[in-house]
Amino acid sequence: MTSNITVHADTVLIDIDHLARLSTGERTALAAFLTGRTWGALTDRGRGFAGAEARCAEAGLPEPALILTGTTSPATYTAAAEMLGTEVGACAVVTPDPDAADAALTAGAISLLLGPDGRTPARPCGVLSLPALTGLVPSPASPWSAAFAV
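Here you go:
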């Protein structure tokens, strides 16, 4: 059975440290969704900015409007929202990292946990689980609406 989740957000923040884990179909869907939109790239403090733009380009993603480090810090999501001119509660964060998903939720963002870890039931209430991005499609409700087939 397939169900749909529709997310309405002013902007999207993507955890780019795990792009290599995405299937070709997921990278294609994500790139198509981000094209023509302002979005932010987040990376782990340990990896820093080194190669962040290259990881985005290798995944076929358009250039992000900003790159910030610290995916497990709620302050990173608040800062990213401010830099992109929106409230953190209007940001959707896509990450396969449970700690990053928890930090995004703590900051007040819409938290989308991607992949096998997302199927683990022991996530905080409010973290939405997505098994894959292949069902990602723009929704006409608002510029950043997305429907995920789950």
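Just so you know, we're using the working numbering here: the sequence shown kicks off at 498 and counts up by one. Even for Gly, the Cβ is constructed at its ideal location relative to N, Cα and C.
Enclosing beta strand (DSSP E) for aspartate 512 [first to last residue]: Here residue 512 corresponds to residue number 15 of the sequence shown, with the count starting at 1. For aspartate 512, the enclosing beta strand (DSSP E) stretches over residues 508 to 512.
Please list, in chain order, all residues of the same chain as valine 585 whose beta carbon is under 6 Å from its beta carbon, the five residues on each side excluded. Against the sequence shown, residue 585 aligns to sequence position 88. Closer than 6 Å at Cβ, skipping near neighbours: Tyr574, Thr575, Ala578, Ala604, Gly605, Ala606.
How is the alpha helix (DSSP H) around alanine 606 delimited, first residue to last? Taking the sequence shown and counting its residues from 1, the one referred to as residue 606 is at position 109. Unbroken run through alanine 606: none, as it is neither H nor E.
Can you give the Cα-Cα distance for alanine 597 and threonine 568, rounded to whole angstroms? Within the sequence shown, numbered from 1, the residue matching residue 597 stands at position 100. Within the sequence shown, numbered from 1, the residue matching residue 568 stands at position 71. A straight line joining the alpha-carbon of alanine 597 with that of threonine 568 spans about 5 Å.
Taking contact to mean at least 3 C-beta pairs separated by less than 8 Å, is the stretch 553 to 562 in contact with the stretch 522 to 529? In this structure the stretch 553 to 562 touches the stretch 522 to 529; the number of beta carbon pairs closer than 8 Å is three or more.
Quick check: the Cα distance between proline 593 and leucine 610, rounded to an integer number of angstroms? Position 96 of the sequence shown, counted from the first residue, corresponds to residue 593. Position 113 of the sequence shown, counted from the first residue, corresponds to residue 610. Distance between the alpha carbons of proline 593 and leucine 610: 5 Å.
If you count every other CB in all the chains shown that lies within 10 Å of the CB of glutamate 523, and 16 or more means buried, which is it? Sequence index remark: in the sequence shown, residue 523 carries index 26 (1-based). Around the CB of glutamate 523, 16 or more other CB atoms lie within 10 Å, so the residue is classed as buried.
Considering only the alpha carbon of each residue, which of Glu560, Pro595, Glu550, Leu565 lies closest to threonine 532? Along the sequence shown, one-based indexing puts residue 532 at 35. Closest option to threonine 532, Cα to Cα, is Glu560.
Going by beta-carbon coordinates alone, are alanine 562 and leucine 581 separated by less than 8 Å? For the purposes of this step, residue 562 is taken as residue 65 along the sequence shown, with counting starting at 1. For the purposes of this step, residue 581 is taken as residue 84 along the sequence shown, with counting starting at 1. Using a Cβ distance threshold of 8 Å, alanine 562 and leucine 581 count as a contacting pair.
Residue interval of the beta strand (DSSP E) (run including leucine 539): Within the sequence shown, residue 539 is the residue found at index 42, counting from 1. DSSP places leucine 539 inside the beta strand (DSSP E), whose first and last residues are 536 to 540.
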